[in-house]
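Participant: Before anything else, here's the structure in question.
Chains as they are written, first to last, in this note's numbering: chain A, 1 to 114; chain B, 1001 to 1115.
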């Protein structure tokens, strides 16, 4: 069965450093998403991406965040200057269309900012 | 605003026990309700859904009934197995919306089943 792949599974970084989280969505999917879950809190939507541009973003997704699809397979989330409060589990997801029931998630990257 | 509240975990049960994981919601209008499951090392996946009041979603022996009067969507299973050990997320999406960006998730409940 096709799956969304995220690397690395764990990332530790120093505050102020840039970090890039990587995702390989399912190959024929057109919509890509990033969510995050701070420990003990709810899973929150960050950004959606379609046709090589951001289609929607939440208020969490400020200028410190950016997304890119650098080639035909990868989808990345960059945090320019990490803060302690960026520590969270980051989930990538993809879907063939807009309908939420066809959403496939990756297993997540646990980001720890020290 | 719209939100989902689910019982805190972890929940630990013995195999073949009865499971209930509580979920209540706050929403304008009549949302669609979902349960997602995340097995160890895997991504979240849709377990079941219900789109209107009194609907019952079911899958893999799990059931949840959309209760408008109590704004609840509790997840139940009559006899759990070790393989049901996972994190369970309750979620909603408002009526008229379908984009994944509009899904509102709960914080998840970790379930551990002892052999």
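Ideal Cβ positions, reconstructed from N, Cα and C, are used throughout, including at glycine.
Out of B:1008, B:1114 and B:1055, point me to the one whose CA is closest to residue 1034 of chain B's CA.
Facilitator: Indexing the second chain from 1 puts residue 1034 of chain B at position 34. It is B:1055.
Participant: Starting from the C-beta of residue 1010 of chain B, find all residues in its chain whose C-beta is less than 8 angstroms away, skip the five residues before and the five after it, and write them out in chain order.
Facilitator: Residue numbering aside, residue 1010 of chain B sits at position 10 when the second chain is read from its first letter. Cβ neighbours of residue 1010 of chain B beyond the five flanking positions: 1109, 1110, 1111 and 1112.
Participant: If the criterion is Cβ atoms closer than 9 angstroms, does the pair residue 1002 of chain B and residue 1074 of chain B meet it?
Facilitator: Taking the first residue of the second chain as position 1, residue 1002 of chain B is located at position 2. Taking the first residue of the second chain as position 1, residue 1074 of chain B is located at position 74. Cβ distance not < 9 angstroms, so residue 1002 of chain B and residue 1074 of chain B don't count as in contact.
Participant: Check for me: the beta strand (DSSP E) holding residue 1049 of chain B runs from which residue to which?
Facilitator: The residue labelled residue 1049 of chain B in the question sits at position 49 within the second chain. Its beta strand (DSSP E) spans residues 1045–1050.
Participant: Return the bridge partner residues of residue 1003 of chain B from the DSSP annotation.
Facilitator: Locating residue 1003 of chain B in the second chain gives position 3, where the first residue counts as 1. Residue 1003 of chain B is bridged to B:1026.
Participant: Answer with buried or exposed for residue 94 of chain A, where buried requires no fewer than 16 other C-beta atoms within 10 angstroms of its C-beta.
Facilitator: By one-based count along the first chain, residue 94 of chain A stands at place 94. That one is buried.
Participant: Name the chain B residues whose beta carbon is nearer than 7 angstroms to that of residue 4 of chain A?
Facilitator: For this step, residue 4 of chain A is matched to residue 4 along the first chain. Per Cβ cutoff of 7 angstroms: 1043.
Participant: Ordered along the chain, which non-local residues of its own chain (more than five positions away) have a Cβ less than 6 angstroms from that of residue 1087 of chain B?
Facilitator: Locating residue 1087 of chain B in the second chain gives position 87, counting from the first residue. Taken in chain order, the residues that qualify are 1038, 1108 and 1110.
Participant: Run down chain B in chain order and give the residues with a C-beta less than 8 angstroms from the C-beta of residue 56 of chain A.
Facilitator: Counting from 1 along the first chain, the entry for residue 56 of chain A is found at position 56. 1099 and 1101, listed in chain order.
Participant: Using 8 angstroms as the threshold, is the segment 1044–1051 of chain B in touch with the segment 1059–1068 of chain B, meaning 3 or more CB pairs across them?
Facilitator: A contact exists between the segment 1044–1051 of chain B and the segment 1059–1068 of chain B.
Participant: Extract the residue ranges of the alpha helix (DSSP H) inside the segment 31–103 of chain A, only unbroken runs of 4 or more that lie entirely within it.
Facilitator: None, since the segment 31–103 of chain A contains no complete alpha helix (DSSP H) of that length.
Participant: Answer yes or no: does any C-beta atom of chain A fall closer than 9 angstroms to that of residue 971 of chain B?
Facilitator: What is shown of chain B runs 1001 to 1115, which leaves residue 971 of chain B out entirely.
Participant: Assign residue 80 of chain A to buried or exposed, taking buried as 16 or more other Cβ atoms, counted over all protein chains shown, within 10 Å of its Cβ.
Facilitator: One-based indexing of the first chain puts residue 80 of chain A at position 80. Answer is exposed; the Cβ neighbour count stays below 16.
Participant: In terms of residue numbering, what span does the beta strand (DSSP E) encompassing residue 1053 of chain B cover?
Facilitator: Taking the first residue of the second chain as position 1, residue 1053 of chain B is located at position 53. Looking at the DSSP string, residue 1053 of chain B is not in any beta strand (DSSP E), and its letter there is neither H nor E.
Participant: Drop a sphere of 10 angstroms on the beta-carbon of residue 1029 of chain B, count the other beta-carbons inside from all chains shown, and report buried for 16 or more, exposed for fewer.
Facilitator: Start at 1 with the first residue of the second chain, and residue 1029 of chain B comes out as number 29. Its Cβ having fewer than 16 others within 10 Å, residue 1029 of chain B is exposed.
Participant: Given a cut-off of 9 angstroms on the beta-carbon distance, is the pair residue 1052 of chain B and residue 1066 of chain B in contact?
Facilitator: The count along the second chain starts at 1 and reaches residue 1052 of chain B at position 52. The count along the second chain starts at 1 and reaches residue 1066 of chain B at position 66. Contact flag set, yes.
Participant: Quick one: which chain A residues come within Cβ less than 7 angstroms of residue 1089 of chain B?
Facilitator: Residue 1089 of chain B sits at position 89 when you count from the first residue of the second chain. The contacting residues are 43.
Participant: Is there at least one Cβ from chain B nearer than 9 angstroms to residue 40 of chain A's Cβ?
Facilitator: Sequence index remark: in the first chain, residue 40 of chain A carries index 40 (1-based). True, the Cβ-Cβ gap to chain B drops below 9 angstroms.
Participant: Pick from A:112, A:87 and A:74: whose alpha carbon is nearest that of residue 25 of chain A?
Facilitator: Along the first chain, one-based indexing puts residue 25 of chain A at 25. Selected option, being the one with the closest Cα: A:74.
Participant: Quick test of the definition: if touching needs 3 or more C-beta pairs under 8 angstroms, does the segment 1–19 of chain A touch the segment 57–70 of chain A?
Facilitator: The segment 1–19 of chain A, when compared against the segment 57–70 of chain A, does not touch it at the 8 angstroms Cβ threshold.
Participant: Leaving out five residues before and five after residue 57 of chain A in sequence, what residues of the same chain have Cβ atoms less than 6 angstroms from its Cβ?
Facilitator: Within the first chain, the letter at position 57 stands for residue 57 of chain A. Taken in chain order, the residues that qualify are 47.
Participant: Pick from A:63, A:2, A:34 and A:41: whose alpha carbon is nearest that of residue 27 of chain A?
Facilitator: Walking along the first chain from the start, residue 27 of chain A turns up at place 27. Comparing Cα-Cα distances from residue 27 of chain A to each of A:63, A:2, A:34 and A:41, the minimum goes to A:2.
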